Amino acid sequence: MLLGGIFNKKIKELKDLSKSESFSDKTPEEVAASFFLGIKRSQWFFSIVLIVTGFLGWVLLYLGLYSNFGGLKIWAYIILSLFVLSTGIGLSYYLLHPRRFAIFTYLVISLGAFMVFGAKGIVGFAIVVFFLATLWGYTIVKREQEIIIPILFSRLLRKGLPVFFTGLAFTFAAFFNSSPLGQILGGKPHIPRQFIDVSLVPIEYAIRIAVPGFSKDIKVSEFENLTIRGVPEFFKAPPQAIKSAISNVLSHLPEESRNKSVSDFFYTTINMQLGAILAPYEEFLSFVFLFGLFLVFRTVGVPIMWLSLGFGWLISKLLSHFKILHLRKIMVKKEEIVL
Numbered sequence: 001m002l003l004g005g006i007f008n009k010k011i012k013e014l015k016d017l018s019k020s021e022s023f024s025d026k027t028p029e030e031v032a033a034s035f036f037l038g039i040k041r042s043q044w045f046f047s048i049v050l051i052v053t054g055f056l057g058w059v060l061l062y063l064g065l066y067s068n069f070g071g072l073k074i075w076a077y078i079i080l081s082l083f084v085l086s087t088g089i090g091l092s093y094y095l096l097h098p099r100r101f102a103i104f105t106y107l108v109i110s111l112g113a114f115m116v117f118g119a120k121g122i123v124g125f126a127i128v129v130f131f132l133a134t135l136w137g138y139t140i141v142k143r144e145q146e147i148i149i150p151i152l153f154s155r156l157l158r159k160g161l162p163v164f165f166t167g168l169a170f171t172f173a174a175f176f177n178s179s180p181l182g183q184i185l186g187g188k189p190h191i192p193r194q195f196i197d198v199s200l201v202p203i204e205y206a207i208r209i210a211v212p213g214f215s216k217d218i219k220v221s222e223f224e225n226l227t228i229r230g231v232p233e234f235f236k237a238p239p240q241a242i243k244s245a246i247s248n249v250l251s252h253l254p255e256e257s258r259n260k261s262v263s264d265f266f267y268t269t270i271n272m273q274l275g276a277i278l279a280p281y282e283e284f285l286s287f288v289f290l291f292g293l294f295l296v297f298r299t300v301g302v303p304i305m306w307l308s309l310g311f312g313w314l315i316s317k318l319l320s321h322f323k324i325l326h327l328r329k330i331m332v333k334k335e336e337i338v339l
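Heads up, the sequence shown is in UniProt numbering, so the first residue is 1 and it goes up one at a time.
Pasting the structure below:
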């Protein structure tokens, strides 16, 4: 009797223990139906959405760099591409599981960039950098997730997104540098014509006070005739000496330069002098231009990062509200030192 009672008690304890240690309240059929190759169906669906979003980001960037758009449209497409890619990757940092599946997803997104931009020269290297930076950011977020007990979306993404945006800035810089627009801007350093025209506006008005009839659109030879006809009164030197000096300077100009407008003459001369100064360093200019592009995209990425962080948090809240995301509590082991 006594042994039978003890045996029955142990059997009951084992049943209670098995119930308390159950990994899931689903039936085996439900568990099998929700998995494919060991990955949940929800994870597969999220991965497909990420891949499509990533491909959309690459297409937007391609349209911005390779279409004949104006300056504002180019940057609109680039910024939209940054936002789309960063929002999708940011969400994946705390929603995509397990690590091997995240590697697969990021690899497919990177292959999408190969399909859109190719893999010639620095472009292929930049795509590899994008993949490594994305995976590194994911690893940082997962390690941080193991340290903190509550789920803090902003804290997690603040740890991983800066690494991702650094790699993304280099990738965008390489793509921009290899595009037709980048080849034009990065070919030979020059001061844009618009900048020269704007700079000549105050000079034009100042010269017009001393030389009536002057305009930046008149030819250089016409400017010579204006100064010879009437030397400004504020010059202390004799008028004849000034006329001779001006004629002597302008006489050394080739006929082609004398027939140019004043603005064209300044634009050509200034850029020729700039090219002569930078000629000894020409082999390093491409690296300087690429580094400058990297700094530009990294700077532009700062507000985009915070915007995508906030948008990702909003999406997470909406998914939680509609019971698509579930917050579960798990038991964790904590180490402590006891004397």
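C-beta atoms are modelled at their ideal positions from N, C-alpha and C, and glycine is treated no differently.
Since the structure is predicted, the reported quantities are computational estimates derived from the model, not experimental observations.
Under 7 Å between C-beta atoms of residue i and residue j
i    : j    : result
F131 : I39  : no
F214 : I207 : yes
T53  : V84  : yes
K159 : I140 : yes
S81  : L61  : yes
G90  : L161 : yes
F165 : G301 : yes
V123 : S178 : yes
W44  : G112 : no
Where the alpha helix (DSSP H) through residue i begins and ends
i    : result
A276 : 262-278
L63  : 41-66
K142 : 122-147
Sequence-distant residues of its chain with Cβ nearer than 8 Å to residue i (five each side left out)
i    : result
I261 : The sequence given here has Ser at residue 261, not Ile. Closer than 8 Å at Cβ, skipping near neighbours: K216, D217, I218, K219, V220.
L325 : L95, S316, L319
K323 : none
F265 : V220, S257
N259 : K219, V220, S221
Sequence-distant residues of the same chain with beta carbon closer than 7 Å to residue i, five excluded per side
i           : result
residue 344 : Since the first residue shown for the chain is 1 and the last is 339, residue 344 is missing from the structure and cannot be characterised.
residue 341 : Summary: the structure shown does not reach residue 341, with the chain confined to residues 1 through 339, and so no result is reported for it.
L156        : Y93, Y94, V141, E144, Q145
Same chain only: Cβ atoms within 6 Å of residue i, ignoring 5 sequence neighbours per side
i   : result
L50 : G88, S92, T105
S47 : T105
D25 : For D25, the predicted model reports a pLDDT of 46, less than 50, meaning its position is unreliable and no value from the coordinates is stated.
A33 : Bear in mind that a pLDDT of 44 at A33, under 50, signals an unreliable position, so the number given afterwards is only what the model happens to contain. None.
Start-end ranges of the alpha helix (DSSP H) lying completely within the segment 81-127, minimum 4 residues:
As far as the segment 81-127 is concerned, its whole alpha helix (DSSP H) runs of at least 4 residues are 99-117.
Assess contact between the segment 281-301 and the segment 169-179, defined as three or more Cβ pairs (one per stretch) separated by less than 8 Å. Is contact present?
The segment 281-301 makes contact with the segment 169-179, as at least three CB pairs between them are under 8 Å.
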